[in-house]
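This report concerns only the one structure given below.
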């Protein structure tokens, strides 16, 4: 696929339209929401929806605008340009927050979350939340990641040596945010790494993360032995200049920890972790990301890039979970977080992996204890190893649980995990499963924005407002299709029942009849 | 589809064969297992698999035998016939267990679970587990449901007025157990209810459950007002004679509780619950299932049928969870359990429904406290209301969690939940999602049979034994298909990598190389 021929899906969701809220402090802020209009059914119980509409958090960017013209070649409008220009060199969201300054990015994120800008500023100052926003990514619609905010999800895209091209990857980014990805990581390890990333960033309204060691290895023609700090540093600067918003950096894979991982059933399953362990083994030296950590901080501060401290020693199977290697690394990540915070660099911590349900809480507890309150960002965790082809479901089970316990962002897993590179449909399935997990966590944390959505659905259900039910679903077209499959055209539109129970056995209908009866008597 | 033309899938899984273990006490017992043979890859770390094979629990019945001839018209072999003949009238598994007697059904279930027959007998005697096994279902392969055993899953099939015929439903039963359903409920509400059930039972190696009120309502031409105890009793006896193994009976929907449900957002979402609430409202009388509970016990004892005490007031949305109506009914179900146990009737308790993660534990705690240790059998719970079309995933999140906490059986939910009657593919998706949930719960409970399976997968993963990985997956063909999609024929067979990372970025491969290096030095 040639990038110039790229056709992106820019249709709004049926029944939804984009609305914007403006800032109180910064008047040029326009924060997007997805407004789902509700039909004129019986709304008697809809105390939450006096306007017959509901607003949802919306990471999908301009692509879901009605009648929008998108120019992929030109990239998205640079909405942050003026905000960034007005700031001094080396000021980060964290340094400003520590000085008590509310930035436009902070107010933007606060409006999205329906909280005060002060709450955002305080969380950033304390290191409890991050706004990933490279000064060279002016196209970004700012968002916040932290335990006190809506749980976010990340979608991984990127090519491998075996498959995919630039066009496919840009399309996967746009497709990802359509279904609800809050950030996107470009994990390309194949060809055209630089150019692929450029197209993605220029067209992305969400933060973009990368794992710079991949490109560093590519620059050494895949020969890990040839990796050097200097080569890595050059890649960091190259990507920083392009506008990457957060870097996964496996600085906690210490030389001394490698021996622990050898006792495991599956060893090291993180690509970055395996690369660094091999490098340390070959050179008999300490991990250069650890020894050069302060220099890395200086580069990242100059562009206000966030750390995502990588868990190179995460467990890759149930048998390896919560072991010595994993928690030794987590302790080091906690120490590095304190250093990063000293440099005013916003930081989150990556977490596992494969963990059975009974061992998940220990992960969250230790992360909170060791990591200076930095947000946790986990991959799943997957609660069993045996579900190849359905690992998006397994991951969403662990993710929902750890999200409830306090994890701020959930990295998705697709049905292709352990099997191959996800395609467009795999990406969608992975995102929807993890949106369910994140939303389940938000509900469990009593988030008012979450409960409002579920209540709107329940009201629609009670009143047989089928179109509203579809429009309120995570995937409106799929819900509509499944419902209509066994019904006639007329039944589809008007029926007070569905094919599951038929007209005589619909509990909702029997309820209504019983209520009518008891009113009459 | 005519039943005589029914073609059922009777192929074994690739790489698996059926094996049998015989009883120690009862020599005619032949308990099926699914044996997955493992290839001759590097097995050095395979301490659990000295025989290069692994045995799994197998509810799929004779249909996955190699070269088996199945005669749907004749039904399955009557393996329990002699065991049943030798027993006295009105003896139930529970009455025998209380007398210290181990039955063939108990030894059968014990072999499946790899525990002692005594453990099974003691659990049955105390009411902590049940073996649903109607004396008129001699085709049954006995299995046990209880907190101390493997977590089970149930698949709901059955037609509605709008769709499906007998052949489709028999096929859905066979399809359900192929993918791992441990019991099947026939919830037919459409035509040919009796005949559909007959075909299902005669061909089912797993317990069959029903909700007899559905057929009672059908007998009254759908007019709930016309329901009587006598009509219901006749249906109970008719189904008991056919061999139904457990009945869902909504005897806890008391007249006084109906007013609580009126304050809800969604009222009563259980079909049985809604029917009985309407009946009570019309007649201004107490629920006849409650007032005639002891007569029901007498009928069920005569056939050794189990109670599944229905939660007619389960919450149908997040907003209604853990409310007064739900817990009032649960208390009554606890009282009824004590009565049922006095009659030596094995009993389980049905549970919700829609419950956010933070409110699930209260459900399990209250059930244990109130229900005389009887097993809990939950529908999900679904942890959000907004995932129409993907509710199998949402349900598996809540199900995994409550299974870990002690729920003995998880009722599946399919992608068609809230939208329509599931078809064959929906059934499969629902089962696999809930197998993942049940297995995740088993792992969290440290069940040795569960961990053995995951370890076999991890060993296969470490050694790039791709075929073993596929065969060990819940859905081998799907795993194989996804993996092979982006690879050449040669790569498919032999590659030490997959298309996700390609050859240079495979962490497993880098691990191996680093280990080789450190050995050499």
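Chains as they are written, first to last, in the working numbering: chain R, 1 to 521; chain F, 1001 to 1521. Beta carbons are placed, not taken as given, at the ideal position from N, Cα and C, and that holds for glycine. Quick caveat, the model's predicted, so the values are computed rather than measured.
Do residue 1328/F and residue 1287/F count as a contact pair if the criterion is CB distance below 8 Å?
Along the second chain, read from residue 1 onward, the residue named residue 1287/F stands at position 287. Along the second chain, read from residue 1 onward, the residue named residue 1328/F stands at position 328. When the beta-carbon positions are compared, residue 1287/F and residue 1328/F stay at least 8 Å from each other.
Secondary structure of residue 387/R, DSSP reduced to three states:
Position 387 of the first chain, counted from the first residue, corresponds to residue 387/R. Residue 387/R falls in the coil class under three-state DSSP.
At 4 residues or longer, and completely inside the segment 1100-1173 of chain F: list those alpha helix (DSSP H) runs for me, N to C.
Qualifying alpha helix (DSSP H) stretches, in chain order: 1104-1113, 1117-1126.
For residue 137/R, collect the residues of the same chain with a Cβ closer than 8 Å to its Cβ; drop the 5 residues on either side in sequence, then sort them by chain order.
Locating residue 137/R in the first chain gives position 137, where the first residue counts as 1. Cβ neighbours of residue 137/R beyond the five flanking positions: 80, 201, 204, 207, 208, 243, 244, 245.
Roughly how many angstroms lie between the CA atoms of residue 184/R and residue 427/R, to the nearest whole one?
For the purposes of this step, residue 184/R is taken as the residue at position 184 of the first chain. For the purposes of this step, residue 427/R is taken as the residue at position 427 of the first chain. The alpha-carbon of residue 184/R is positioned some 11 Å away from that of residue 427/R.
Enumerated in chain order, which unbroken segments of the beta strand (DSSP E) with a length of 3 residues or greater are wholly contained in the segment 1395-1420 of chain F?
Scanning the segment 1395-1420 of chain F for uninterrupted beta strand (DSSP E) segments of 3 residues or longer gives 1409-1411, listed from N- to C-terminal end.
Please look up how many angstroms separate the CB atoms of residue 1438/F and residue 1406/F, rounded, as I've assumed it's under 8 Å.
Looking up residue 1438/F in the second chain gives position 438. Looking up residue 1406/F in the second chain gives position 406. Residue 1438/F to residue 1406/F, Cβ: 13 Å. No contact.
Host beta strand (DSSP E) of residue 351/R (start-end)
To locate residue 351/R, count along the first chain from 1; it is residue 351. 347-351 is the span of the beta strand (DSSP E), which, as asked, contains residue 351/R.
Can you check the segment 288-341 of chain R for any alpha helix (DSSP H) of at least 4 residues that lies completely inside it and give the ranges in chain order?
Taking only runs of at least 4 residues, the alpha helix (DSSP H) segments lying wholly in the segment 288-341 of chain R are 288-291, 293-303.
Helix, strand or coil for residue 992/F, going by three-state DSSP, please let me know.
This structure cannot speak to residue 992/F, because chain F is shown only from 1001 to 1521.
Going along the chain, which residues of the segment 1262-1287 of chain F sit with their C-beta nearer than 8 Å to a C-beta in chain R?
Correct list: 1262, 1265, 1266, 1267, 1268, 1269, 1270, 1271, 1273, 1274, 1275, 1277, 1278, 1281, 1282.
Quick one: is residue 1176/F buried, meaning 16 or more other Cβ sit within 10 Å of its Cβ, or exposed?
Residue numbering aside, residue 1176/F sits at position 176 when the second chain is read from its first letter. Around the beta carbon of residue 1176/F, 16 or more other beta carbons sit within 10 angstroms, so the residue counts as buried.
Who pairs with residue 1437/F in a beta bridge, going by DSSP?
What you label residue 1437/F is simply residue 437 of the second chain in a count that begins at 1. Per DSSP, none; premise fails for residue 1437/F.
So, for residue 418/R: in the same chain, excluding its five sequence neighbours on each side, which residues have a beta-carbon less than 6 Å away from its beta-carbon?
Taking the first residue of the first chain as position 1, residue 418/R is located at position 418. Result list for residue 418/R: 388, in chain order.
Please go through the segment 186-274 of chain R and give each complete beta strand (DSSP E) segment of 3 or more residues, from N-terminal end onward.
The segment 186-274 of chain R contains these whole beta strand (DSSP E) runs: 208-210, 246-249.
Taking just the CA atoms, how far does residue 1443/F sit from residue 1269/F?
Working through the second chain from its first residue, we reach residue 1269/F at position 269. Working through the second chain from its first residue, we reach residue 1443/F at position 443. Going from the Cα of residue 1269/F to the Cα of residue 1443/F covers about 32 Å.
How about residue 267/R and residue 311/R: do their beta carbons lie closer than 8 Å?
On the first chain, residue 267/R is found 267 positions in, with the first residue counted as 1. On the first chain, residue 311/R is found 311 positions in, with the first residue counted as 1. Between residue 267/R and residue 311/R, the CB-CB gap reaches or exceeds 8 Å.
Sheet register partners of residue 37/R (DSSP bridge):
Stepping through the first chain from its first residue, residue 37/R is reached at position 37. Residue 37/R pairs with 53/R.
In DSSP terms, what residue 1534/F is bridged to
Nothing can be reported for residue 1534/F: it is not among the residues displayed for chain F, which extend from 1001 to 1521.
Hey, quick one: how far does the alpha helix (DSSP H) through residue 379/R stretch, first residue to last?
One-based indexing of the first chain puts residue 379/R at position 379. Per DSSP, residue 379/R lies in no alpha helix (DSSP H) segment; the continuous beta strand (DSSP E) that holds it begins and ends at 376-379.
Is residue 189/R near residue 1505/F, with beta carbons less than 8 Å apart?
Residue 189/R sits at position 189 when you count from the first residue of the first chain. Residue 1505/F sits at position 505 when you count from the first residue of the second chain. Closer than 8 Å, so yes.
Residue 1354/F bridges to which residues according to DSSP?
Counting from one through the second chain, the residue named residue 1354/F turns up at place 354. Residue pairing by DSSP places residue 1354/F opposite 1382/F in a beta bridge.
So, using beta-carbon positions, are residue 391/R and residue 382/R closer together than 8 Å?
The residue given as residue 391/R occupies position 391 in the first chain. The residue given as residue 382/R occupies position 382 in the first chain. Taking 8 Å as the cut-off, the beta carbon of residue 391/R is found closer than this to the beta carbon of residue 382/R.
Delimiting residues of the alpha helix (DSSP H) encompassing residue 1468/F:
As a position in the second chain, residue 1468/F is number 468, starting the count at 1. Looking at the DSSP string, the run of the alpha helix (DSSP H) that includes residue 1468/F is 1466-1471.
Taking residue 483/R as the query, report the chain F residues whose CB atoms sit under 7 Å from its CB, ordered along the chain.
Translated into the one-based positions of the first chain, residue 483/R becomes position 483. Residues of chain F passing the Cβ test: 1419, 1420.
Less than 8 Å between C-beta atoms, sequence neighbours within five positions excluded: which residues of the same chain meet that for residue 1385/F?
Mapped onto the second chain, residue 1385/F falls at position 385. Take residue 1385/F, set aside five residues on each side of it, and the residues of its chain with a beta-carbon closer than 8 Å to its own are 1317, 1318, 1354, in chain order.
Rounded straight-line distance, which links the Cα of residue 1344/F to that of residue 1099/F:
To locate residue 1099/F, count along the second chain from 1; it is residue 99. To locate residue 1344/F, count along the second chain from 1; it is residue 344. Approximately 11 Å, taken between the alpha carbons.
Give, in chain order, every residue of the segment 450-465 of chain R whose Cβ lies closer than 9 Å to some Cβ of chain F.
Only 450, 451, 453, 454, 455, 456, 457, 458, 459, 461, 462 from the segment 450-465 of chain R bring a Cβ to less than 9 Å from some Cβ of chain F.
Among 1029/F, 1144/F, 1216/F, nearest to residue 1194/F - alpha-carbon criterion
Here residue 1194/F corresponds to residue number 194 of the second chain, with the count starting at 1. Checking every option, the nearest Cα to that of residue 1194/F belongs to 1216/F.
Could you work out which residues of chain R lie near residue 1214/F, taking near to mean beta carbons separated by less than 8 Å?
Within the second chain, numbered from 1, the residue matching residue 1214/F stands at position 214. Within chain R, the residues near residue 1214/F are 505.
In the segment 137-158 of chain R, which residues sit with their C-beta less than 9 Å from some C-beta in chain F, listed in chain order?
None of the residues of the segment 137-158 of chain R has a beta carbon lying less than 9 Å from any beta carbon of chain F.
Residues of chain R with CB closer than 9 Å to the CB of residue 1222/F, please, in chain order.
What you label residue 1222/F is simply residue 222 of the second chain in a count that begins at 1. The contacting residues are 503, 504, 505.
Chain-ordered neighbours of residue 1353/F on chain R, where CB pairs are closer than 8 Å:
Here the question's residue 1353/F lines up with position 353 in the second chain. The contacting residues do not exist; residue 1353/F stays about 12 Å from chain R at best.
Note down the Cα distance separating residue 335/R from residue 349/R, rounded to an integer number of angstroms.
Here residue 335/R corresponds to residue number 335 of the first chain, with the count starting at 1. Here residue 349/R corresponds to residue number 349 of the first chain, with the count starting at 1. Cα-Cα distance, rounded: 11 Å.
Interfacial residues, the segment 1433-1447 of chain F to chain R, with Cβ spacing under 9 Å:
Cβ contacts with chain R: 1433, 1435, 1436, 1437, 1439, 1440, 1441, 1442, 1443, 1444, 1445, 1446.
Closest to residue 1366/F by C-alpha separation, out of 1401/F, 1342/F, 1322/F, would be which residue?
By 1-based counting over the second chain, the position of residue 1366/F is 366. Nearest option by C-alpha distance: 1322/F.
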